[in-house]
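Asks: In full-length UniProt numbering, the protein residues as written are 1 to 725.
Using N, Cα and C, we set each Cβ at its ideal position, and we do this for glycine too.
Printed below as a string of structure tokens:
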């Protein structure tokens, strides 16, 4: 290279280097000024978007493009003006190009020792409500007591507020969140929470109402995106507990792992449609009204299409629920009509309900896919179907259910439920309970309402008190069938119409006033299950009855025979000469009340025994002080006798000539201690008239209907009668 050329090259390189050095010098001299401008732009942007004052402490570059801000605060200017957020130090990268263009773009956000303090007063003021307002909106959606709540608008605001404020890159270290309100306190501690290119990971400790959860988080979420995927799990192999449900509803709910995903949402015409999925492992639920033990689902999930609107919630077509290996397709709609919707006219039967429930309109359908029998039994939740755990079979099972309830027309309640089996369904192995027990002699233990055992006896020929079906008076068989279960010999364990009538009465009275159980259900409850009135026990009872009736494990005659020999039929405090307590079975009942054999019972005696089955401990209340039947019991005699005659169980002449009285000639008469009748023939000096004794109880008991709890059926199509003796 020529010397002249080298000289030119050196001058050129030197000039470029000089320009770069001059430019760098200018940048280094001006970048603090540009940084102050950039932070001013951030402050202006935030304060325009939200009603807050953003405080920023001293800021400086720590290297070429990394900025550190010492001290940040966020204070609302509306509502409760209490500091919402503080941070000791924030470090972020800034794009040099955007800085020179005076449109600063920050990334790789690191927040150290941040403190977010959310407060809500008893008056309803708070320091965080502005975050729930959609951009550009004047006020957040509030509940209108006359129009109710638009659940779609509320959820849409929450989703928008959450998704719009997620940073693209962030690293939170030693982040503390606290919440205080008159009803709840919560503390959330995050040693570290990182978001990198939308990937989320972190650990946190949540203390809510004295319940502590140590939680791990992983997933993917991006700012402004309507798709998210998050996994929540307990650390150190501990479950995650939901304390709010326990405090409000008394239900303990927990899980090991929860996967939640959102696939999209549409908000249109005041309605929000959300699509997504949720799945949990080792889900546990405990509530005394559901079960006396934990209800456990090892693996469950839902793919949902949900619609929310004004007083409206629904699971739409396309929703699928997975319960271990069972798949079901529910469609549910719930509408909570307000007083304005109903124009203030409430059904009088719902006046004792809360205003929200008075307007309830509920519709639900569920249909499961056909499931192999063994998989079906194995998939049922633990803590509900304990008796069938381990059961196996061939063939397939499919469940369906339809429900329609209008609380303003309770009498219009519609409900039907069915478990369908394929033609090749067979039980090849029984589970924890062998239902074939009913076909053989077995020990039966009677319990009181507290669960204490009273006596144990054999149900079979080796027990001298056992009475075969053929040796029981037909009067008693027919009276019980007519009063308790008129379709016993023809149905397959259930009477949906009777169940619906019972549900209607229970809804009207807001209590368990009528059971609606068939004899099959009563038998299964007494032999295999506890007396606890829980949803789990009723569900287990229904499945066991279905298995017995639909596989013909036990004949109807044998079921009736066992029923007659085990049911409670008198006061549990009574002691027999041998020291045994209570009156159980038809043999003891016939002897206790009448001192005779069950085969010798007449119509009146049988009607009385049938009348006290729902409440045997209160058998004394069927009589007045002198041992005469009360009006309600006489009504029962007349009603059941007429139905028996209409169905051909007894001649009409026998029903017409029925004496509505009964004579107790067994130990019951002395136990009940009737008062002696006063002498009404004695002439009183001041008045020669004679009067019958006045019974104030009978005067007050003037209703024309039988006592509540008596399952008296109305005449209808006659079922097939039981076999004659």
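#1: Runs of 4 residues minimum, wholly inside the segment 239-270: which ones carry the alpha helix (DSSP H) assignment?
#2: Quick one, which of 446, 517, 562 and 406 has its alpha-carbon nearest residue 468's?
#3: State the DSSP-derived secondary structure class of residue 617, mapped to helix, strand or coil.
#4: Just confirm the distance between the C-beta atoms of residue 379 and residue 334, as a whole number of angstroms; I'd bet it's less than 8 angstroms.
#5: In whole angstroms, what is the alpha-carbon distance linking residue 673 and residue 620?
#6: Here's the rule: buried if 16 or more other CB atoms are within 10 angstroms of the residue's CB, otherwise exposed. What is residue 418?
#7: Please report how far the alpha carbon of residue 726 lies from the alpha carbon of residue 386, in whole angstroms.
#8: Does DSSP put residue 676 in a helix, a strand or coil?
#9: Quick one: does the C-beta of residue 530 sit closer than 7 angstroms to a heavy atom of the ligand ADP?
#10: Please classify residue 636 as buried or exposed, where buried requires at least 16 other C-beta atoms within 10 Å of its C-beta.
#11: Whose C-beta lies closer than 7 angstroms to the C-beta of residue 196 among residues of the same chain, with five residues either side of it excluded?
#12: Would residue 570 be called buried (16 or more neighbouring beta carbons within 10 Å of its own) or exposed?
#13: DSSP state of residue 421, grouped into three classes?
#14: At the level of alpha carbons, what is the spacing between residue 691 and residue 678?
#15: Please return the same chain residues whose Cβ sits closer than 6 angstroms to the Cβ of residue 422, not counting the five positions on each side in sequence.
#16: Over the uninterrupted beta strand (DSSP E) stretch that includes residue 213, give me the two end residues.
#17: How big is the Cα-Cα spacing for residue 370 and residue 433?
#18: Helix, strand or coil, according to DSSP, for residue 388 in the structure here?
#19: Cβ atoms of residue 305 and residue 273: under 8 angstroms apart, would you say?
#20: Taking the CB atoms as reference points, tell me whether residue 66 and residue 93 lie closer together than 8 angstroms.
#21: Out of 79, 298, 269 and 337, which one is the CA nearest neighbour of residue 127?
#22: Taking just the CA atoms, how far does residue 459 sit from residue 442?
#23: In or out: residue 64 buried (at least 16 other Cβ within 10 Å) or exposed?
#24: Starting from residue 457, follow the beta strand (DSSP E) in both directions and report where the run begins and ends.
#25: If we ignore side chains and look at the alpha-carbon of each, how far apart do residue 13 and residue 34 end up?
#26: Determine the extent of the beta strand (DSSP E) in which residue 586 is found, giving its start and end residues.
#27: Spatial neighbours of residue 687 within its chain, please: C-beta separation below 6 angstroms, excluding the five flanking residues on both sides.
#28: Closest to residue 625 by CA distance: which of 578, 602, 175 and 676 is it?
#29: Going by DSSP, what residues sit across from residue 46 in a beta bridge?
#30: With three or more C-beta pairs closer than 8 angstroms as the rule, is the segment 565-580 touching the segment 610-617?
#31: Quick check on residue 287: buried or exposed, where buried means 16 or more other Cβ atoms within 10 Å of its Cβ?
#32: Report yes if the C-beta distance between residue 341 and residue 359 is below 8 angstroms; otherwise report no.
#33: Under the three-state reduction of DSSP, which class applies to residue 599: helix, strand or coil?
#34: Are the Cβ atoms of residue 200 and residue 230 separated by less than 8 angstroms?
#35: In terms of alpha-carbon separation, which member of 430, 453 and 598 lies closest to residue 553?
#36: How is residue 574 classed by DSSP in three states: helix, strand or coil?
Replies: Concretely, from the data shown:
#1: If we require 4 residues or more, the alpha helix (DSSP H) runs fully inside the segment 239-270 come out as 243-249.
#2: For the residues 446, 517, 562 and 406, the minimum Cα distance to residue 468 belongs to 562.
#3: Under the three-state reduction of DSSP, residue 617 is assigned to helix.
#4: Wrong, their Cβ atoms sit about 26 angstroms apart, outside the cutoff.
#5: Their Cα atoms are separated by approximately 9 angstroms.
#6: Counting every other CB atom within 10 Å of its CB across the protein chains shown gives residue 418 a total below 16, marking it as exposed.
#7: Since the displayed the chain opens at 1 and closes at 725, residue 726 lies outside it and no answer follows.
#8: In this structure, residue 676 counts as coil in the three-state DSSP scheme.
#9: With respect to small molecules bound, the structure shown includes none, and the ligand ADP cannot be examined in it.
#10: Residue 636 counts as buried, since no fewer than 16 other beta carbons sit within 10 angstroms of its beta carbon.
#11: Annotation for residue 196: 169 place their beta carbon closer than 7 angstroms to its own, counting only its chain and skipping 5 residues before and after.
#12: Classification of residue 570: buried, given that the 10 Å Cβ count is 16 or more.
#13: Note: residue 421 maps to strand in three-state DSSP.
#14: Residue placement at residue 691 cannot be trusted, given a pLDDT of 39 that sits under 50; the coordinates are not used to answer.
#15: Answer for residue 422: 395 and 396, listed in chain order.
#16: Residue 213 -> beta strand (DSSP E) spans 211-221.
#17: Using only the alpha carbons, I get a separation of about 25 angstroms.
#18: Residue 388: helix per DSSP, three-state reduction.
#19: Yes.
#20: Yes, the Cβ-Cβ distance between residue 66 and residue 93 is below 8 angstroms.
#21: For residue 127, the closest of 79, 298, 269 and 337 by C-alpha to C-alpha distance is 79.
#22: Approximately 5 angstroms between the Cα atoms of the pair.
#23: Exposure of residue 64 is indicated by the presence of fewer than 16 other C-beta atoms within 10 angstroms of its C-beta.
#24: Taken as a continuous stretch (DSSP letters only), the beta strand (DSSP E) holding residue 457 covers 453-459.
#25: For residue 13 and residue 34, the distance between alpha carbons rounds to 29 angstroms.
#26: Residue 586 -> not in any beta strand (DSSP E); alpha helix (DSSP H) instead, spanning 585-594.
#27: Any reading at residue 687 needs caution, since the residue's pLDDT is 43, under 50, leaving its predicted position unreliable; the model's value is listed next. Excluding its 5 nearest sequence neighbours in each direction, residue 687 has no C-beta neighbour in its own chain below 6 angstroms.
#28: Among 578, 602, 175 and 676, the Cα nearest to that of residue 625 belongs to 676.
#29: Note: residue 46 sits in no beta bridge, so no partner.
#30: Judged by pairs of C-beta atoms under 8 angstroms, the segment 610-617 touches the segment 565-580, as three or more such pairs exist.
#31: Counting other Cβ atoms within 10 Å of its Cβ, residue 287 reaches 16 or more and is therefore classed as buried.
#32: Yes, the Cβ-Cβ distance between residue 341 and residue 359 is below 8 angstroms.
#33: DSSP places residue 599 in helix when its eight states are reduced to three.
#34: Their beta carbons are under 8 angstroms apart, which means residue 200 touches residue 230 by this criterion.
#35: With distances taken between Cα atoms, residue 553 lies closest to 430.
#36: It is coil, neither helix nor strand.
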